[in-house]
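Data first, discussion second: the structure below is written as structure tokens.
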Amino acid sequence: MKLDFIQALRGFAALSVVFFHSQILQKNGGLFDSQILKTIFNLGEIGVDIFFMVSGLVMTVTIKKNADLYKNNFVHLSSFITKRIWRIAILYWVFSIIALFLLCFFEPSKLLTKATLLQSFLLFPSAKPFVLMVGWSLVYEFYFYILFGFCCFFWGYIGIIISGILCLFFALISFAFIGSEYAIGIFNITLPIYFSIGILLGLLFKKINQILCHSKLGIRLFFFTILCAFVIFIFINKVFFPGEPELRLFHFGPLAIGIFFLFWVISPLLEKFNWLGLTKVGDWSYSLYLTHWLTLNGIAILLRKNSIINIESSIIIFSVLTSLAISFLSWKYIEAPIMKMGKYLIPQLSYKSK
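With this note's numbering as the guide, the letters of the sequence shown map in order to residues 5 to 358.
Laid out in structure tokens, this is it:
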């Protein structure tokens with residue numbers, strides 16, 4: 005089974021976050037007067053949780069076969085870290101600079117509420133939002149890749165397991181920060197545990213695929229029915245009983261894991277329908293994640309200037325489609341060239357050489 009379902013998950017996760025953030029189009033009135041609709045849109049935040057599980061799984065599947073080649077190998081370590089920094093940071097810096105320029109031009113007073121430029125650009129943990137707000141989640145990604153790379157450097161294959169244990173440990177100590185100023189910032193949302201879950205799934209990836217590939221249609225339909233019932237039950241429960249525990253894991257975890265496995269189980273069916281276009285969105289999901297906040301804020305400013313307060317569903321759809329269009333342009337003309345340049349600048353190492 006291919007990893008196409010991972011790209012589809014990325015597309016789904018990115019779109020979920022866009023819908024969640026579309027609420028910034030208005031502060032009150034209109035479409036979001038409905039508490040049920042507002043709760044549904046709030047559930048879009050689950051995209052971040054899915055992204056982290058995907059990262060843990062992809063890193064594990066990519067590295068585990070040749071993980072022992074990383075052990076005590078500075079060349080492999082430096083190549084791995086450099087590639088991940090290049091993948092995350094360059095595009096993030098581009099849009100952080102754009103965000104900084106727009107803040108200076110349109111809302112300079114908000115600069116005082118942001119983290120320092122050094123914290124923003126170096127992804128250093130801060131209780132204040134970064135210049136490009138979505139950067140807060142990249143803090144997790146950035147330090148996870150560093151942790152993962154060094155664990156493989158010191159312990160090889162066993163380092164993958166150790167990195168998962170350490171992520172679990174960091175998630176558990178987040179309990180100590182309940183009620184602190186970092187509750188919205190970094191520590192108190194148990195997100196590192198999703199990397200642990202992704203690593204576990206990556207270690208079991210081949211076995212799970214074998215079970216799914218060799219399962220009869222009836223068994224697959226049984227899994228599908230159970231997962232659908234689970235996801236629907238959790239979703240309805242969140243919509244009509246939207247209490248939110250302080251720890252994010254308990255709020256989003258069951259639904260995020262359920263959706264992850266649902267995509268995995270029905271991947272043969274989705275493949276026949278070309279993944280409903282989600283793999284295409286997954287290709288430029290990073291650009292979508294970085295640009296949508298700027299796009300939605302730009303549309304919000306235009307709405308305010310034209311005194312449009314009541315937001316209808318048509319405006320939401322227009323805003324999401326605009327975000328998709330801009331992210332595609334970003335992917336094609338900025339992200340893809342940056343990645344292509346990285347292939348020339350960063351040594352491409354052969355895992356067979358040792």
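Ideal placement from N, C-alpha and C gives every residue a C-beta, glycine not left out.
Of the residues the options, the one placed nearest residue i, counting alpha carbons only
{"i": "L41", "options": "S26, D53 and G51", "result": "S26"}
{"i": "I303", "options": "D287, L292, W288 and F322", "result": "F322"}
{"i": "W90", "options": "T66, L126, F109 and V58", "result": "L126"}
{"i": "V58", "options": "Y149, H296, N241 and G163", "result": "Y149"}
{"i": "A17", "options": "L29, I236, Q39 and F45", "result": "F45"}
{"i": "L13", "options": "W268, W159 and E316", "result": "W268"}
{"i": "I122", "options": "F109, L107, S100 and L106", "result": "Note on identity: in this sequence residue 122 is Leu, with Ile being the wrong assignment. Measuring from the Cα of L122, the nearest candidate turns out to be S100."}
{"i": "L259", "options": "I270, F234, F277 and W279", "result": "F234"}
{"i": "H255", "options": "F265, F264 and I238", "result": "I238"}
{"i": "I162", "options": "W97, L73 and R224", "result": "L73"}
{"i": "M343", "options": "G60, A93 and Q30", "result": "A93"}
{"i": "L107", "options": "V22, L136 and L306", "result": "L136"}
{"i": "R252", "options": "I215, L195, V98 and D287", "result": "L195"}
{"i": "L298", "options": "K132, C217 and L104", "result": "L104"}
{"i": "G15", "options": "I315, A340, S327 and L282", "result": "L282"}
{"i": "F367", "options": "V21, H218 and F55", "result": "The chain is shown from 5 up to 358; residue 367 falls before or after that span and cannot be answered."}
{"i": "I305", "options": "C155, S219, F23 and I28", "result": "I28"}
{"i": "E49", "options": "F24, D287, F110 and N77", "result": "F24"}
{"i": "I300", "options": "L266, S130, A329 and A131", "result": "Before going on, a small fix: residue 300 reads as Leu here, not Ile. When only C-alpha atoms are compared, the closest one is A329."}
{"i": "G346", "options": "V324, Y144, I10 and L95", "result": "L95"}
Counted within 10 angstroms of its Cβ, other Cβ atoms place residue i as buried (16 or more) or exposed
{"i": "G262", "result": "buried"}
{"i": "V285", "result": "buried"}
{"i": "G202", "result": "buried"}
{"i": "N310", "result": "exposed"}
{"i": "K242", "result": "buried"}
{"i": "P112", "result": "exposed"}
{"i": "L273", "result": "exposed"}
{"i": "K356", "result": "Summary for K356: the model assigns pLDDT 44, below 50, so the residue's position carries little reliability; its value from the coordinates is reported in the next sentence. Answer is exposed; the Cβ neighbour count stays below 16."}
{"i": "N278", "result": "exposed"}
{"i": "F191", "result": "Its pLDDT being 46, under 50, F191 is placed unreliably by the model, and the measurement read from it follows with that caveat. Label assigned to F191: buried."}
{"i": "S331", "result": "buried"}
{"i": "R308", "result": "exposed"}
{"i": "L153", "result": "Per the sequence presented here, residue 153 reads as Gly, with Leu not at that position. Under this definition G153 is a buried residue."}
{"i": "S359", "result": "Here the chain covers residues 5 to 358 and nothing more, so residue 359 does not appear."}
{"i": "Y348", "result": "exposed"}
{"i": "E316", "result": "exposed"}
{"i": "G222", "result": "exposed"}
{"i": "C155", "result": "buried"}
Residue i - DSSP class collapsed to helix/strand/coil
{"i": "L7", "result": "coil"}
{"i": "I342", "result": "helix"}
{"i": "A18", "result": "helix"}
{"i": "G160", "result": "coil"}
{"i": "T194", "result": "coil"}
{"i": "M63", "result": "helix"}
{"i": "I188", "result": "At I188 the pLDDT is 44, less than 50, meaning the model places this residue with poor confidence; the figure from the coordinates comes in the next sentence. In this structure, I188 counts as coil in the three-state DSSP scheme."}
{"i": "L349", "result": "helix"}
{"i": "P112", "result": "helix"}
{"i": "N213", "result": "helix"}
{"i": "A12", "result": "helix"}
{"i": "P129", "result": "coil"}
{"i": "V138", "result": "coil"}
{"i": "I270", "result": "coil"}
{"i": "F154", "result": "helix"}
{"i": "W288", "result": "coil"}
{"i": "K75", "result": "coil"}
{"i": "I315", "result": "coil"}
{"i": "N310", "result": "coil"}
{"i": "I30", "result": "The identity of residue 30 in the sequence shown is Gln, whereas the question assumes Ile. Three-state DSSP puts Q30 in coil, outside helix and strand."}
{"i": "S82", "result": "helix"}
{"i": "H218", "result": "coil"}
Heavy atom of the ligand FMN within 7 Å of residue i beta-carbon
{"i": "F227", "result": "Absence of the ligand FMN is noted for the structure shown, with no ligands found whatsoever."}
Rounded Cβ spacing between residue i and residue j (contact assumed at less than 8 Å)
{"i": "D53", "j": "G257", "result": "7 Å"}
{"i": "I164", "j": "A71", "result": "6 Å"}
{"i": "W140", "j": "K75", "result": "Wrong, their Cβ atoms sit about 33 Å apart, outside the cutoff."}
{"i": "S200", "j": "G60", "result": "7 Å"}
{"i": "L81", "j": "F146", "result": "With a Cβ gap of about 16 Å, L81 and F146 do not count as contacting."}
{"i": "V21", "j": "G51", "result": "4 Å"}
Determine contact between the region 158-168 and the region 113-126, defined as no fewer than three beta-carbon pairs at a distance below 8 Å.
Note that the region 158-168 does not touch the region 113-126; fewer than 3 beta-carbon pairs, one per stretch, sit closer than 8 Å.
Three or more beta-carbon pairs under 8 Å between the region 222-235 and the region 84-94, yes or no?
Result no; under three Cβ-Cβ pairs closer than 8 Å.
Counting Cβ pairs closer than 8 Å, one from the region 284-300 and one from the region 333-353, do we hit at least three?
Taking a contact to require three or more Cβ pairs closer than 8 Å, the region 284-300 and the region 333-353 qualify as touching.
Would you check if the region 203-213 and the region 46-66 touch, i.e. whether three or more CB-CB distances between them fall below 8 Å?
Yes: the two stretches touch, three or more of their Cβ pairs being nearer than 8 Å.
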